[in-house]
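Numbering (our numbering), first residue to last: 23 to 178.
Glycine included, C-beta positions come from ideal geometry on N, C-alpha and C.
On a predicted model such as this, the values are computed, not experimentally measured, just so you know.
Worksheet: one structure, shown below.
See the structure below:
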């Protein structure tokens, strides 16, 4: 997933908000929906793009499931929501990107759809693939929900 993690997280957070969760949950889901990709800073600034960022611990579901569990145990909805948002991020990544759901027990990364190299750059190949059109729909729907929310006087 290239561009729709935050918009998808926003839609999930708005859905949760519609059933009465706190602002802490709303913001936790939003933060979690982009948290695994904070590893892009390491990927570009330190690692010199030598290891695919899905190989970092930030893209291991067990880490975020552990955070979600900690949130449950200590009864902190924000922590729980960050873990849930990050797991949502990894589910979305699993559509066209490899995620190691079984790590640390086995290291086989899986993906639902393989994006073939149809262009000279991988980003062009992703943008030409049908999954990117789904991302664009997610972005458009999130923008519509956001604009309607603003016009109704609810700024989140």
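Between the options, which has its C-alpha nearest residue i's C-alpha?
{"i": "residue 51", "options": "98, 116, 125 and 134", "result": "98"}
{"i": "residue 126", "options": "114, 44, 79 and 166", "result": "79"}
{"i": "residue 83", "options": "110, 68, 93 and 161", "result": "110"}
{"i": "residue 30", "options": "173, 141, 142 and 113", "result": "113"}
{"i": "residue 152", "options": "130, 166 and 117", "result": "117"}
With DSSP run on the structure shown, which of helix, strand or coil describes residue i?
{"i": "residue 96", "result": "coil"}
{"i": "residue 121", "result": "strand"}
{"i": "residue 132", "result": "strand"}
{"i": "residue 171", "result": "helix"}
{"i": "residue 26", "result": "coil"}
{"i": "residue 126", "result": "coil"}
{"i": "residue 111", "result": "helix"}
{"i": "residue 139", "result": "coil"}
Could you tell me the alpha carbon to alpha carbon distance between residue i and residue j, rounded to whole angstroms?
{"i": "residue 171", "j": "residue 61", "result": "31 Å"}
{"i": "residue 95", "j": "residue 103", "result": "13 Å"}
{"i": "residue 145", "j": "residue 115", "result": "15 Å"}
{"i": "residue 23", "j": "residue 55", "result": "12 Å"}
- Let me know the alpha helix (DSSP H) ranges lying completely inside the segment 26-83, each 4 residues or longer, listed in chain order. Complete alpha helix (DSSP H) runs here, min 4: 27-40, 45-56 and 61-67.
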